[in-house]
Amino acid sequence: MLILAVYGIVRLGTQGQVLGSVVVLDVDLGGATPETALAALVELEERLANRPAPIRVEGATVELLPVQAGFDLDEEAIIDEALTVGRSPNPVSNFFWWISHLSRTVEVDPQARLDDESVEELLTTLDKSLIGEPPFEGGISVVNGELTAEYPRPGRRIDREQAPALLTGHFLDNDRNVLELPVRNEQPLLTEADVDAARNEAALMLSAPVLLTADDGTTLTFGVEDLRRAFVATPNDSGFELGFDVSAVETRLADVRSEFEASPVNARFEISGNEVSIIPGSNGTLIDGALTAEILAEAAHTSVRRAALPLEEGAEPDVTNEALEALDIRHLVAQFTTYHDCCAARVTNIHLIADEVDGAIVASGATFSLNDHVGRRTKDEGYLDAGTIVGGEIVDTVGGGVSQFATTFYNAVFWGGYEDVDHSPHSFYFERYPEGIEATISWPNPDLAFRNNDESGVLIKTEYTDTSITVKFYGNNEGRILTGSQSGGSLSMGVVADGGPNAKQVRGDRSDRRDFREPPEPLYRANPELGVDEQHTVQSAAEGWSLTVTRTITVNGEVTTQEWPVRYLAKQEIIEVHPCKVPDGGVACPTTTTTTVTTVPPETTTVPSTTPSTEPTPPTTEPTTSTTVAA
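Per my numbering, the very first residue in the sequence shown carries number 509; after that it's consecutive.
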């Protein structure tokens, strides 16, 4: 009876917690609530996603980062499975499970997924760099004015059926021995006969000019050379699709558009102070380039080789007056500014992403994803290497630093009262961001996304200087305007205009810090260029903690409250020393040493130990905006 009583007390006290000792890889979830389990698994995902994984393809070995393949740990599925351990519909079975698992560990398999597009891009890159023999379907092209045929040939590629599952398992393996990716021979789908048939068809298409006639009888001639320059042959499952490249056709049309067209003018928003007005557009007459390419292909297959020039009379602009009116964007709703040091590489990245977002419009009910809108940040687009948190250390990656824009953008979302769809705070706290009310971004995740849950649209404008970035959301909140900034480690919010009785009012609060976490022991890293008594602090230590952010939205006396738990990790101190000073490094120190000690200050400063609640208050001075506007 006593053991039954103990069992009953244990079951009662562990409701909503993981029973026993349940382990996922090296993470023990025993006794965890869903919230604490999620925090532990997010930390596990970060470690796994940013730890190099060796891959071998036909004798050549490279290291990949799982994050390159869009690695994403399915935390919710893992937690759901962990919570089912020891819990069944049969209470007798539960009792005997408890008895048998008092000193036993249950392992739960981690579950993860990869991004299909990222995996295909990664495998294609490996194919090119390590194999270089893709199957070729053949081709028809114009070389030096003459039709040329290339016949199909077999090739070899990484096995697309096996590779995704193998990579997923490899990324979840703590040991991560070298993974051999299978390669298979692949035959082309097309034959030499398919190429010959396509070449004969192409010769007919390019045999004479094609004339396109406007309604007034004016003609536009595409000569043989024009057709040859624009000719394209695209292989498909059944042969080749022959036609004309739209961009090449557009190049030819560019010379004559002024003779046939009157370009429509887009309606546009104009901002004056905090108010938004509409500058009307106008209709025009256009030649449809894509339709012209289709008509040319059709006419080139006929004996008359003539067709109508596709002129669109009264063509509406891409942006009409009615479309902008329907958005009901009237005034500034929320604005936020953060500050940074001048002239570093990260500032270039911040300006680039700000330029790409400037002018974006989000219709009512639509969701805006920052990653979807901007895409992968690359060197080809001008992004530079700058600091990024990778595996608990700040290292340089392409596009580093854009999280400052993400944080500024997120604050406009937060204080504008828009629906938070997806955001992730930084794993470490930086004083230049509002504690808890901040967001990071990387590719392809974490993302930053919001849904426009207002009846009016949102116009996003960005402004920057050498030392600041500002994001403004324009919409219609019955004239209520809220502006703020994070400067000198302090968050400042102000109500510029109260607005009407139906205006949405937003308040933000932050709890006191809790669950403080001490940093781990320092990590000593060998640097043979340092003297025996020299050391170089790469990263300073900082404690971690948790807090809760609360947003309260009031409309006509109706109150909606949302909470976000935020967990900042403790930061490990990383110190470079002479190899003989690395603990247990096995390197003996020379007899002669130097006495110079070089210490590099930490990248971030220690933050205050308490966090105030935040409520917008009227500003004491007129708000200012930066004078440099993104193009």
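Cβ atoms here follow ideal geometry from the backbone N, Cα and C, with glycine treated the same way.
Note that this is a predicted model, so its numbers are computed, not measured.
| Item | Value |
| --- | --- |
| Which residues in the same chain as H931 place their Cβ atom closer than 7 Å to its Cβ, once the five residues preceding and following it in sequence are excluded? | Y918, A947 and L956 |
| Within the same chain, show all residues whose beta-carbon is closer than 7 Å to that of D1023, passing over the 5 residues directly before and after it, in chain order. | W1053 and S1054 |
| Residues in the same chain with beta-carbon distance under 8 Å from S976, minus the five sequence neighbours each way, listed in chain order, please. | T845, T846, Y847, H848 and S1134 |
| When DSSP labels each residue in this structure, what does W1072 get in the three-state scheme? | strand |
| Taking 8 Å as the threshold, find out whether the segment 864–880 comes into contact with the segment 954–970 through three or more Cβ pairs. | yes |
| Taking the alpha carbon of S998 as the point to measure from, which residue in E939, V732 and T569 has its own alpha carbon closest? | E939 |
| Classify I787 as buried or exposed, calling it buried when 16 or more other Cβ atoms lie within 10 Å of its own Cβ. | exposed |
| Are the beta-carbon atoms of L1031 and V1014 separated by less than 9 Å? | no |
| Using the rule of at least 16 other Cβ atoms within 10 Å of the residue's Cβ for burial, across every protein chain shown, is D702 buried or exposed? | buried |
| Using only alpha-carbon positions, find the residue among L840, V812 and A1005 that is nearest to G781. | L840 |
| Suppose the cutoff is 8 Å on Cβ atoms and the five residues either side in sequence are ignored; what does the same chain contact list for A893 look like? | Ala is not the amino acid found at residue 893; the sequence shown has Asp there. Around D893: A853, D904, T905, V906 and G908. |
| Within 10 Å of its beta-carbon, does L794 have 16 or more other beta-carbons around it, so buried, or fewer, so exposed? | buried |
| Excluding sequence positions up to five away, which residues of its chain have a Cβ less than 7 Å from the Cβ of A1096? | C1088 |
| What's the gap between the Cα of L556 and the Cα of V532? | 12 Å |
| With the cut-off set at 9 Å, would you say F913 and Y1076 are in Cβ contact? | no |
| Beta strand (DSSP E) containing N829: first to last residue? | From DSSP, N829 is part of no beta strand (DSSP E) but of the alpha helix (DSSP H) over N829 to L835. |
| T970: buried (16+ other C-beta within 10 angstroms of its C-beta) or exposed? | buried |
| Verify whether the separation of the beta carbon atoms of T726 and E767 is less than 9 Å. | yes |
| Exposed or buried, which one is S811 when buried takes at least 16 other CB atoms within 10 Å? | exposed |
| Should G883 be labelled buried (16 or more other beta-carbon atoms within 10 Å of its own) or exposed? | exposed |
| Would you kindly report the start and end of the unbroken beta strand (DSSP E) that includes N791? | Neither: N791 is in no beta strand (DSSP E) and is coded neither H nor E. |
| Hey, out of S746, A1078, G983 and D536, whose CA is closest to P618's CA? | D536 |
| Taking the CB atoms as reference points, tell me whether V550 and E571 lie closer together than 9 Å. | no |
| Suppose contacts are defined by Cβ-Cβ distances below 9 Å. Is R885 in contact with G987 by that definition? | no |
| Contact check, A741 vs S649 under 8 Å by CB: the rounded distance? | 7 Å |
| Using beta-carbon positions only, say whether D836 and G965 come within less than 9 Å of one another. | yes |
| With L687 and I563 assumed to form a contact (beta carbons below 8 Å), what rounded beta-carbon distance in angstroms separates them? | 5 Å |
| Just to confirm, is the Cβ distance from V1046 to H1086 under 9 Å? | no |
| Can you tell me which of D724, L728, E709 and A711 puts its alpha carbon nearest to the alpha carbon of V718? | L728 |
| What residue does the alpha helix (DSSP H) around I587 start on, and which one ends it? | E583 to T592 |
| What is the residue span of the alpha helix (DSSP H) that T676 lies within? | A671 to F679 |
| Identify the residues that DSSP records as bridge partners of K1079: which are they? | A1050 |
| With 16 other CB atoms within 10 Å as the buried threshold, where does L712 fall? | exposed |
| Grab me the residues of D635's own chain with a C-beta within less than 8 Å of its C-beta, minus the 5 sequence neighbours each way, in chain order. | P642, R665 and I666 |
| Compute the Euclidean distance between the alpha carbons of E669 and N984, then round it to the nearest angstrom. | 51 Å |
| State the Cα-Cα distance for the pair G731 and T656, rounded to the nearest angstrom. | 19 Å |
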